[in-house]
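**Q** The structure that follows is given in the form of structure tokens.
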Amino acid sequence: MLRVNEQGAALASFFFGALDSHFLDLRTLFIIGFGLFCLSVASFVVNEYIDARDTDMYSARIKSLTKTKVVPGAVLTLWLIFSGVGLLILFEYRLFWQAIITLILGTIYSLPPFRLKARFAYDMVCIYVYLILVPYSIGFSLTGTSFFQMFTIPFIALSCFLGVAEGIHLLGDLDADRKGGLHNTSVTIGYSNLLKLLVLLAFASTAGFLYLFYQHTHWWYYPLLFFIAIAILALGYARGNIYNPGKLIARFSWATKIAVSFGNYLYIYQIIVIYFLSR
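When we follow the working numbering, the leftmost residue of the sequence shown carries the number 111, and every step to the right adds one.
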């Protein structure tokens, strides 16, 4: 229910933001990273509990909560514990607006009657803000840099890269979301249009990372070129099987699991880079 191994996007964006802002205090980063992790887990607790009543009933990935009754009080207790710890940590470092926005958006993304997850465009904007934009901004806040100074090619390329990763997850869940009655972005625009959008994001990300390579700067992004190439191949496969939803769902469910494993190795890589740059 906590989905501890799936807290990827927020932490990846957070550590890359630290590298781009040159905030390299590992001890502080570990503490704040744990706070972000707790806030992310709090949002996933709500998501798992609500989804078990509709979309997860049709998901290709077997979810235990669809077969197990969970007392609402237990969900509230977990949410209070993880959100409380996360808020305390971020407040300690005076990251007030980041903490509040992350908690609010992470909660109303799944929680009725707001449930932004079920609404066209709102779902994507919500994910982008609380899992990518806000975590990335933390390093810049800690170095006293203006919020608007972080909107550079590295951030845009990273946003597109993480957008592709999230989009592949949405492709895997599209059929379940449709059967569960959601009217989110993927259901509204359909497989074909979502694939076209993800291909555009993939090539935009590739162009951004290649530009950094050409300029010999922000070298910590270079390894992502390999993974964006794999993503483009996966999207090409999906395009070739656009009229075979069963095969698409199976392939992208598998891709989501691979992405989770990749995220775990990515954190290790980011921490190693920060360690050596801080010496």
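Idealized CB from N, CA, C, for every residue including glycine.
Leaving out the 5 sequence neighbours to the left and right, which residues in its chain are closer than 6 Å to F144 when beta-carbon positions are compared?
**A** Here the set comprises nothing.
**Q** State the start and end residues of the unbroken alpha helix (DSSP H) segment that holds V244.
**A** Per DSSP, V244 belongs to the alpha helix (DSSP H) from V244 to L252.
**Q** Counting C-beta neighbours from all protein chains within 10 Å, is the total for A228 16 or more, i.e. buried, or is it exposed?
**A** So A228 counts as buried.
**Q** Return the Cβ separation of V297 and D287 in integer angstroms, given the expectation that the two are a contact with Cβ distance under 8 Å.
**A** V297 to D287, Cβ: 5 Å. Contact.
**Q** Unbroken alpha helix (DSSP H) runs of length 4 or more, entirely within the stretch 200 to 250: which are they?
**A** Fully enclosed alpha helix (DSSP H) runs of 4 or longer: 206 to 218 and 232 to 238.
**Q** Among the residues of its own chain, which have a CB less than 8 Å from the CB of L134, if the five just before and after it don't count?
**A** Hits under 8 Å: A128, I384, L387 and S388.
**Q** How many Å lie between F319 and L335 at the Cα?
**A** Those two C-alpha atoms are separated by around 7 Å.
**Q** Do T212 and S131 come within 8 Å of each other at the CB atom, strictly closer than that value?
**A** Result no, Cβ atoms of S131 and T212 do not sit closer than 8 Å.
**Q** Can you tell me whether N157 is buried or exposed? The criterion is at least 16 other CB atoms within 10 Å of its CB, across all chains shown.
**A** It is buried - the Cβ of N157 has at least 16 other Cβ atoms within 10 Å.
**Q** Please classify H279: does DSSP put it in a helix, a strand, or coil?
**A** Three-state DSSP puts H279 in a helix.
**Q** Applying the criterion that 16 or more other CB atoms from any shown protein chain within 10 Å of the CB defines a buried residue, is Y324 buried or exposed?
**A** Answer is exposed; the Cβ neighbour count stays below 16.
**Q** Since Y396 contacts F126 with CB under 8 Å, what's their CB separation in whole angstroms?
**A** The requested residue 396 does not occur in the structure, where the chain is confined to residues 111 to 389.
**Q** Do P264 and Y332 have their C-beta atoms within less than 8 Å of each other?
**A** No, these two residues do not count as a Cβ contact at 8 Å.
**Q** Comparing alpha-carbon positions, which option in N354, G216, G290 and G300 lies nearest A162?
**A** Ranking N354, G216, G290 and G300 by Cα distance to A162 puts G290 first.
**Q** At 4 residues or longer, what runs of the alpha helix (DSSP H) sit wholly inside the stretch 310 to 341?
**A** Fully enclosed alpha helix (DSSP H) runs of 4 or longer: not present.
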